[in-house]
Every structure is written in C-alpha cells, then in structure tokens.
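To start, the structure under review is shown below, and the notes come after it.
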Amino acid sequence: MADTQAPGRLGLDFSVEAAARYAAPIGLGVVFLIFFIATPDFLTTSNISDLLVSASILLVLAMGQQLVVTVAGIDLSVGSNLPWSAAVLGYAYTSGWGLTVSVGLALLAGLAVGVVNGLLVARLNMTDFIVTLGSLSVVSGLTLLLTSGNTVPVNSDFLRALAINGIGPVRWFWVLAFVVAVLVGFLLYRTRTGTYLLSTGGNIEAARGVGIHVNRIRLIAYASSGLACGVAAVLFVARTGGADPSLQTDLLLSSIAAVVLGGSSLFGGKASVFGTVTGALLLQSLINGFTLLGISQYYQPIAVGTVVLGAAFISRFQK
Amino acid sequence: MTDTPARMTGTSSAAPAATQSGASASQVVSPLVEITGLRKSFGAVQALQGVDLKLAPGEVTALLGDNGAGKSTLVRCLTGVHPQDAGEIRFRGEQVRFHSPDDARQLGIETVYQTLGLIEDLPVWQNLYLNHELTSGFGPFRVLDKKSMIAQSSDILSRLDVNVPNVRATVRRMSGGQRQCIAIARAANWGRTLVIMDEPTAALGVRETAAVEELIARLREASVTVLLISHDMAQVLRVADTAYVLRRGQTAARRTISATTGDELVGLITGAVQGDAHA
Ligand SMILES: Nc1ncnc2c1ncn2[C@@H]1O[C@H](COP(=O)(O)OP(=O)(O)O)[C@@H](O)[C@H]1O
Ligand SMILES: [Mg+2]
Chain A
938 MADTQAPGRL GLDFSVEAAA RYAAPIGLGV VFLIFFIATP DFLTTSNISD
988 LLVSASILLV LAMGQQLVVT VAGIDLSVGS NLPWSAAVLG YAYTSGWGLT
1038 VSVGLALLAG LAVGVVNGLL VARLNMTDFI VTLGSLSVVS GLTLLLTSGN
1088 TVPVNSDFLR ALAINGIGPV RWFWVLAFVV AVLVGFLLYR TRTGTYLLST
1138 GGNIEAARGV GIHVNRIRLI AYASSGLACG VAAVLFVART GGADPSLQTD
1188 LLLSSIAAVV LGGSSLFGGK ASVFGTVTGA LLLQSLINGF TLLGISQYYQ
1238 PIAVGTVVLG AAFISRFQK
Chain B
11 MTDTPARMTG TSSAAPAATQ SGASASQVVS PLVEITGLRK SFGAVQALQG
61 VDLKLAPGEV TALLGDNGAG KSTLVRCLTG VHPQDAGEIR FRGEQVRFHS
111 PDDARQLGIE TVYQTLGLIE DLPVWQNLYL NHELTSGFGP FRVLDKKSMI
161 AQSSDILSRL DVNVPNVRAT VRRMSGGQRQ CIAIARAANW GRTLVIMDEP
211 TAALGVRETA AVEELIARLR EASVTVLLIS HDMAQVLRVA DTAYVLRRGQ
261 TAARRTISAT TGDELVGLIT GAVQGDAHA
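Chains as they are written, first to last, in the working numbering: chain A, 938 to 1256; chain B, 11 to 289.
Take a look at the structure:
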C-alpha cells in the first residue's frame, strides 16, 4: 500500500533508518532463507499454503490492531475478544440458530466489545491500556460463563469448506484476509476517515483544532478492531472446527507484534498496511518453521518475544 | 454527540446584516463577534477573568498582551477548543455556544493556533486540506481526490512568499518558517468570515513577514475579519484598525490604531499606562 513518503534520494541507502523501515520484509526474507536451508519441508506448496491460511487469522486481527495503533491506542482485548466471538458463534450454532445468524452474532459480539472499548477510551477519556486490559479480563470471563469452560464443536460443512477450499490454488482464507487488508488500506489512504485516523493519532490537539471529531474517530478505530476480532473468530472456528474458550491468547501479542514489525509507530499517526501484512507473515513463518523443525513449543513464545523486542529496538532508529 | 451544530440561542432581533461598510465605521456597524464577561480557569489558574471584546466586520483587530495574559486562551474559547466557564460569545448578534472547533469552522472561522495545528507525518497538501478534503464519487464511496488537492496546494501556498518545493513532502521536513506559512495559508484559504492568527509571524523572516502582512491586507479587502495576536508593535500599527490590550486575563484597553502610538500600546501592555477597562 502506498505510503505518504516523499521520494527520497536516488541510489541505495543502506542507512540504519532504511533498515528500520524495511525490517519486516528483510526479516521475512531471512526467516524464509533459514527455514529453506534447515528443512526441505518448508518451501513446499502445501506448507506455504497452510502457512498462509494460519497467517490469515493473524492478519485480520493485526489489521484491526493497525487501526487502533494508528490513533495512538492499543487494543489488548483482542486476546479474549476472538475466543469470545468464537464462543458466541459456537453457542448460537449449537442452539440451532443456523449458520448465517450465528456468524452474524459472532461479528456483532466482536463489534460490541470494540464499541465498548471505544466509548470508554474516547468518550470517558480513560487510558486505552487499562480499558482494554480490563475488557480482556471481563470478556474472557464472559466466554467461560457462556461455554462453562468447554470447547463448543461447530460441525458446519460450509465453514469446513471455507477453511479447506478455494479458487484453484487460492484458498478462501487468503481471499478474505486480502480483502480485509485492502479495505483497511483503502480506508487509511483513500478516504477522509483515514486522514482523520492518521491525524488523530499524529497530533490529537491539532486534529481537534481543525474540527475533526477525534472522539468519533477513536471510536471507529476500536470498533473496527472489535469487528476484525469477529471476522477472525469465524475463520478460527472454520479452521479448528470449534470454539475453545481457553486458547489463542498468543494472538494478542502477535497482532501487536505484526503492527510494530511493520514499522507503524506505537505513538500513532503512522500506518503501514503493507508492513503489517509482512509482519504477520513473518511471525507465522517463525511458528510454522519451528513446528516443522520439531523445536519444542516452549521455544515459540521466546522466539516471537525476541523478534518483537528486536523490532522495538530497531524502531528507535526510525524517525 | 459532540457534533451538534453551534446552537444559536438568545436575542437576535436587532442584528442588521451590515457587513461590507468599510473599516472606519466600526462604531455604528454591529460587530461580527462580541465577547462579554468571558471567564476561563484551569484549576487554580484564572486565565480569563472577564474579557470584553468586539470584532468589527471586515476589520483587522489586534490582540495585545504580555505572555500569560490569556490571549491564546481567548482564541481557544472563541474557536470552541475550550468551553468557557462564564460569559457569552455572540456571532453576528446571535449567542453561540461552540461545542467543538467544527462548530466555529462551519461559521467560516479559521485559526492559526500558536502551536500551528499541523500534522507532522502528513504531507503538506493533506495538511492544507485537513477537514476540507476534496473527494470524488458519492455517498459512502467518496474517495479522496488526491490529484486535485496536490495540484491546487501550490496555488494556496502561492499567496504567501513561501518556498515549499514539494507539497508531497511531510510537514516534518519543513522548517519552522515554512510550517508557519503553511498554517497561515491554510487558515487564509478556508476562512470565510473570520481568520484568527495567534502570533503568526513569530518564526518568520523579514520577507515572509511582509508577505503575511500583505495577505492580511488582502483578507481585509475581501471583507474577511481578522483577529491578529502579535508582539510586534510596528506590525500592529501597519496592519490593524483596532487594538485590544489584555492584562492578567482582563480587557485593559481598546484603542483605535489611527489614534494611538506604539509607545502607548507598549505602556498599556506593561501596565505603565493606566488602562480603561471595559472600553
Ligand atoms: N491548557 C491549560 N492548562 C492550564 N493552564 C493553562 C492552559 N492554557 C493556558 N494556561 C494558563 O493560562 C494563562 C494564560 O495563558 P495563555 O492564554 O497561553 O497566554 P498568552 O497566549 O497571552 O501568552 C497562563 O497562566 C497559562 O499558564
Ligand atoms: Mg499565547
């Protein structure tokens, strides 16, 4: 997605700043190279196909996170909003409400959490970090209440087909994730709302001063992130065949990590949809490669955390 | 919702639409803006303690005062950034209550804040069109018309003697003077009724300052009212019709420029010359 960078000097610029800007693509290349050398199973059509399917879920979440980070916020509630939306889908489906209604309710459930976050942060001026940390806990409790802590199986042929099939070699998950990324890019770079999102994150006083309704804009960002959780939950249920209320809190860190790796500033006002997509792919490749190499699951959080810390370190050189 | 338009209440019976009647007739023409008894505190700090001020339509009014006198606070109350604690603001004779700067903007009021109000990571053209974006398409499918905005940005800037080689560059890359010119050009371009400038030439060179003064004169010719905050007495004497002096959050004096001197104004600002409050 085109950024608002002015054309730089011609020629190759191997400065630290340039390295920082392209951290995610460079990292992705390095990870691919390492795993390609380490195992013949990595760069196969079927593995890459599966890798991209897993990455799709993270990508959708990261796109929501991207919008919140753009307005200088952070959404920690995605960690429990995804299982919550998934549980609502499972609950509605097993209650016999039909797939369409159930999916609609799951999207609404995710959206509702985002709207509540947005209202608390924007209208009541509460600290984003605390608000979404609180709702992370509240929503995980709601999920446990709804499911009594049990996994809810969802046996839907449609969802199964969504996870497995596609148009030729192009899987449906990729299409969905691609559409979400394009929509977010379109919103940010081609619409007024996108300009206001970037302005609100870049300088909230200045944005308010020119008459932008910054509270409404922040609400839109959090609501979008909630909706993204709903979409990701549908994909998640389709892929795993059920809603597990206790799983997938690592998606929270990964969604933030993807945005940071992509070069967006956590201080807001700078967004890179392309960077975030690359960041999500990088993280998913790491996890995928580790699994292929049979490296203990316990090393995965260490690796992901190290990459995030590295990205945070590099971003110090970004100005 | 915060986006309710400025609520117009109160008496509006005697508000003749006398606007384009020249500068010198300020006493008989009803003011564009009339502020009475305006108060604003920040905790224990009483920034404004009863300010009275009238802006005659089509005139350039200077607002003078020492640092901390409350000039910027007055501007922010007038543009809807802060709600005032007490007092009233009338616009064209009608009492207005601005809930957000958008309300002021919809009445054609544009402001150059002392902090400039630019978004550093957005390109110059996007700052010039901020909240005035051109779009193509219709309904929810309206898309930013980048091409037109970029093309016309140079025109907006050309009114000022400012050299911005590339309007696609971000404001972060601009010098202090360039930034100030961008903020001024933006306000002058969109201001239809009132343009407020809070120390607009503080970071500018001689040539750029002259261009800004020329721009103020052009706004005046176009019957746009200007409120200018400046510490430069020579500049005030050159461009303004009327001057108000604020001292410790109160209106200390009002002077017609043709009937005062720089020395008197400086004396009024420092308190060496006794003011005549509620002038
Ligand atoms: N947002 C704010 N919060 C607290 N105090 C403020 C704020 N804005 C202004 N003040 C105080 O109000 C007084 C007037 O400030 P200001 O309007 O900026 O003066 P001026 O523009 O005339 O220099 C000062 O004492 C200042 O410290
Ligand atoms: Mg000031």
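We treat Cβ as the ideally placed atom computed from N, Cα and C, and that holds for glycine.
Nearest C-alpha to Gln1234 (chain A) among A:Asp1187, A:Thr1084 and A:Val1068: A:Asp1187. Only buried fits Tyr1133 (chain A), as 16 or more other CB atoms lie within 10 angstroms of its CB. Per DSSP, Gly97 (chain B) is not a residue of any alpha helix (DSSP H); the beta strand (DSSP E) it occupies stretches across Ala96 to Phe101.
DSSP lists B:Arg49 as the bridge partner or partners of Gln59 (chain B). A distance criterion of 7 Å places the beta-carbon of Val55 (chain B) in contact range of ligand 1, judged by its closest non-hydrogen atom. Residues of the region 112–129 of chain B whose Cβ lies closer than 9 Å to any Cβ of chain A, in chain order: Asp112, Asp113, Ala114, Arg115, Gln116, Glu120, Thr121, Tyr123, Thr125, Leu126, Gly127, Leu128 and Ile129. With respect to Asn1054 (chain A), Tyr1159 (chain A) sits close: the two C-beta atoms are nearer than 8 Å. Under the three-state reduction of DSSP output, Gln245 (chain B) falls in the helix class. Nearest CB-CB separation between Thr1132 (chain A) and chain B: below the 8 Å threshold.
In the DSSP assignment, Gln1237 (chain A) falls within the unbroken alpha helix (DSSP H) covering Tyr1236 to Ser1252. Against Leu1135 (chain A), the close residues of chain B are Ile129, Asp131, Leu132 and Gln136, in the order they occur along the chain (beta-carbon pairs closer than 9 Å). Measuring C-alpha to C-alpha distances from Gly1146 (chain A) to each of B:Asp165, B:Thr46, B:Ser164 and B:Ile129 identifies B:Ile129 as the nearest. In chain B, no part has a C-beta under 8 Å from the C-beta of Gly1212 (chain A); the shortest such distance is about 14 Å.
Annotation for Glu223 (chain B): the continuous alpha helix (DSSP H) segment containing it runs Val216 to Glu231.
Around the CB of Tyr1236 (chain A), fewer than 16 other CB atoms lie within 10 Å, so the residue is classed as exposed. The criterion of a C-beta distance shorter than 8 Å is satisfied by Glu223 (chain B) and Arg248 (chain B). Not one heavy atom of ligand 2 falls within 7 Å of the beta-carbon of Gln190 (chain B). The C-beta distance from Val70 (chain B) to Ala250 (chain B) rounds to 5 Å, short enough to fall under 8 Å.
Around the beta-carbon of Ile1067 (chain A), fewer than 16 other beta-carbon atoms lie within 10 Å, marking it exposed. In this structure, the C-beta of Gly78 (chain B) approaches ligand 1 to less than 7 Å from one of its heavy atoms.
Where Ala72 (chain B) is concerned, the enclosing beta strand (DSSP E) starts and stops at Val70 to Leu74. At least one heavy atom of ligand 1 sits closer than 7 Å to the Cβ of Ser82 (chain B). Looking at A:Leu1120, A:Asn1140, A:Asp1181 and A:Ala1169, the one whose alpha-carbon comes closest to that of Arg182 (chain B) is A:Asn1140.
The beta carbon of Ile226 (chain B) lies closer than 7 Å to those of Val70, Val236, Leu238 and Val249 in the same chain, with the five residues before and after it left out.
In this structure the region 1148–1158 of chain A touches the region 1000–1012 of chain A; the number of beta carbon pairs closer than 8 Å is three or more. The closest heavy atom of ligand 2 lies less than 7 Å from the beta carbon of Gln124 (chain B). Distance from the C-beta of Asp208 (chain B) to the nearest heavy atom of ligand 2 is below 7 Å. For Leu167 (chain B), no Cβ of chain A is located within less than 8 Å of the residue's own Cβ. Identification of residues in the region 193–209 of chain B having a C-beta nearer than 7 Å to some C-beta of chain A yields an empty set. Residues of the region 61–86 of chain B with a C-beta atom less than 9 Å from some C-beta of chain A are Arg86, listed in chain order. At least one CB atom of chain A sits nearer than 8 Å to the CB of Thr145 (chain B). Val1015 (chain A) sits close to Ser1192 (chain A), with the two beta carbons spaced by under 8 Å. By the CB criterion at 8 Å, Ala1249 (chain A) and Leu995 (chain A) fall outside the cutoff. Per the Cβ contact rule, the region 1197–1206 of chain A is not in contact with the region 1106–1117 of chain A (fewer than 3 Cβ pairs under 8 Å).
Contact annotation: the region 69–88 of chain B touches the region 195–208 of chain B, with at least three C-beta pairs closer than 8 Å.
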